[in-house]
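Per my numbering: the sequence shown = residues 1245 to 1586.
Glycine included, C-beta positions come from ideal geometry on N, C-alpha and C.
These numbers come from a predicted model, not from an experiment.
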Amino acid sequence: MTKKIAIIGASGYTGAELIRLIATHPGMEIAALAANSKAGQSMASVYPHLRHLGLPDLVTVDQIDFDQIDLAFCALPHKTSQEVIRDLPKTLKIVDLSADFRLRDPAEYEKWYGNAHAAAEMQGEAVYGLTEFYRTEIAAARLVAGTGCNAATGQFTIRPLIEAGVIDLDEIILDMKCAVSGAGRSLKENLLHAELSEGYNAYAVGGTHRHLGEFDQEFSKLAGRDVKVQFTPHLMPANRGILCTAYLKGEAQAIHAALQNAYADEPFIVVLPFGETPSTHHIRGSNFVHIGVTGDRIGGRAIVVSALDNLCKGSSGQAIQNANLMLGLPETEGLMMAPLFP
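Set out below in structure tokens:
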């Protein structure tokens, strides 16, 4: 039976990406679309590229009959998301794409996001949505917290290496190049074409990026000790994609073998032959992650480069992968499309 889906926050980039993916998903049907600021409008007027789909018009959240919904995706900004989810039916399955339920400790959430958690009582039931590492918990969950796109990219790169014990945990540097869509659709001066194009800049320098909270939480839990990475994101003038270059202390061939072993049966994670590195061109518009390993001229050091699409595998594609598990559908259903190239 086709599962009925609601998307809350359908007018943002991740909302539009959810619609694009669900449109050809054989097990899901979009039954309701909410976007309070654009309620009453058609999706065709908000996103003309979706006009052929015959989608329901946008409504406010309180206009949705959730008794008729099997699962809701919440694609709202942090802080707003927790306030909306808190008031949804307690039996409704939810995949949240915001940051609001990613950090298990409400104090850590307040530290990184600057406001007290408005639904801290729900934090205990939220499952961290990095699908490849939390499958069993996700399948049984009612509320799943999608990861940050940078956090997902870094974790696909590093988690297997911590588990295999092949890197120095005090020597992890993550340098990420991030496409502009990761900043969302709202108007920002620094994202205007004249401000962004033909340039390239670091931001959140010195350990202030919020996704560091996820790295601290997940890597430390995995290692059984505090693990703090150096992480600097850079804004690149591209619409989609994240390219992560990790500088690590460890034997390159052992690192490559650990990644191959970890991802041998994963449908969306591709470990390239040793010495090859990926491009964001190779994963654009898809749910795939490409990871490459090469040695460094300095002995005992390695460089690992990984690429994913921030709107798909880094957000909406990952959310659908999680929803498939929660609804008892095949995990890869609706997600095996090939990347767009060129």
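- Beta-bridge pairing by DSSP links V1537 to V1548.
- Cβ neighbours of F1377 within its own chain (closer than 8 Å, five residues either side excluded): Q1399, R1403.
- Sequence-distant Cβ neighbours of Y1507 in its own chain, meaning closer than 6 Å and more than five residues away, are I1513, V1515.
- Taken atom to atom, the span from the alpha-carbon of A1260 to that of A1254 is near 6 Å.
- Non-local beta-carbon contacts of S1286 in its own chain, meaning distances under 7 Å to residues more than five positions away in sequence, involve D1301 in chain order.
- DSSP places F1317 within a strand segment (E or B) once states are collapsed to three.
- Taking the C-beta atoms as reference points, T1391 is found no nearer than 7 Å to S1550.
- Per DSSP, reduced to three states, the secondary structure at P1292 is helical.
- DSSP places T1476 in the strand class (E or B) of the three-state scheme.
- Distances from the CA of P1522 to each of V1537, H1322, D1509, S1425 were compared; the closest alpha carbon is that of V1537.
- Using a Cβ distance threshold of 7 Å, A1363 and R1330 count as a contacting pair.
- For I1547 and A1467, the gap between their C-alpha atoms comes out near 21 Å.
- Fewer than three beta-carbon pairs drawn from the stretch 1306–1313 and the stretch 1349–1366 are found closer than 8 Å, and the two stretches are therefore not classed as touching.
- Ranked by Cα distance from L1555, the first of N1483, L1413, I1499 is N1483.
- Judged by their CB atoms, F1475 and H1525 are not nearer to each other than the 7 Å cut-off.
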